[in-house]
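One structure is given here, and the rest of the page talks about it.
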Amino acid sequence: MVSEADCLFCKIVAGEIPAKIVHETDRTLAFRDVNPQAPTHVLVVPKDHYPDAAALAAADHGLADDVLKAAHAVAEQEGVAGSGYRLVFNTGAEAGQTVFHVHGHVLGGRGLTWPPG
């Protein structure tokens with residue numbers, strides 16, 4: 387597994403920092419956001435470290451697909467797949483990315499407005 391020593395999400399993947407894990411595969415981990423913005427707010431990360439969505443797409447054939455499949459599995463498990471959910475990947479500081487380990491936010495359980503802000 388590829389990890390960064392000072393990465394918060396790498397530490398969660400390694401079990402060094404506790405998280406409320408809701409879904410796991412061989413290559414992905416999903417856990418509840420500590421600052422939820424909707425009734426369902428789960429982060430889906432690859433277990434290997436990639437700083438952002440662009441790096442993930444360029445670096446590992448099939449892993450981005452695994453992350454998307456895990457996000458949909460979370461939406462189904464959380465009961466928001468039928469009513470609708472939003473999947474957000476912030477890439478870069480100006481887009482709002484604060485943890486530089488690629489992660490998708492699965493948001494649902496309430497009406498989500500557009501544009502998102």
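With the first letter of the sequence shown counted as 1, position 91 gets the number 477 in my numbering; the numbers rise by one all the way through.
Every residue, glycine too, gets a C-beta built ideally from N, C-alpha and C.
This structure is a prediction, so every number in the text was calculated from the model and none was measured.
Please report how far the alpha carbon of residue i lies from the alpha carbon of residue j, in whole angstroms.
{"i": "A439", "j": "N476", "result": "8 Å"}
{"i": "E390", "j": "A405", "result": "18 Å"}
{"i": "V466", "j": "A443", "result": "26 Å"}
{"i": "I418", "j": "I407", "result": "The displayed chain sequence assigns Arg, not Ile, to residue 418. Rounded to the nearest angstrom, the two C-alpha atoms are 7 Å apart."}
{"i": "G495", "j": "V399", "result": "26 Å"}
{"i": "H447", "j": "M387", "result": "16 Å"}
{"i": "H396", "j": "T411", "result": "The question names His, but residue 396 in the sequence shown is Cys. C396 and T411: Cα-Cα distance of roughly 15 Å."}
In the structure shown, what three-state DSSP assignment does residue i receive?
{"i": "F395", "result": "helix"}
{"i": "A416", "result": "strand"}
{"i": "H458", "result": "helix"}
{"i": "V453", "result": "helix"}
Excluding the 5 residues preceding and the 5 following residue i in the sequence, name in chain order all residues of the same chain whose CB lies nearer than 8 Å to its CB.
{"i": "L394", "result": "I403, V485 and H487"}
{"i": "G470", "result": "G494 and L498"}
{"i": "A441", "result": "V488"}
{"i": "A445", "result": "Y436"}
Within its chain, find whatever has a CB closer than 7 Å to the CB of residue i; leave out the 5 residues flanking it on each side and keep chain order.
{"i": "R413", "result": "P432, K433, L449 and D452"}
{"i": "V430", "result": "T414, A416, V453, A456, A457, V460, H489, G490 and V492"}
Tell me residue i's beta-bridge partners as DSSP assigns them.
{"i": "L472", "result": "A quick correction: the sequence has Arg, not Leu, at residue 472. Its beta-bridge partners are L493."}
{"i": "H357", "result": "The first residue shown for the chain is 387 and the last is 503, placing residue 357 beyond what the model contains."}
{"i": "H409", "result": "A416"}
{"i": "P432", "result": "T414"}
Which residues in the same chain as residue i place their Cβ atom closer than 6 Å to its Cβ, once the five residues preceding and following it in sequence are excluded?
{"i": "R472", "result": "L493 and L498"}
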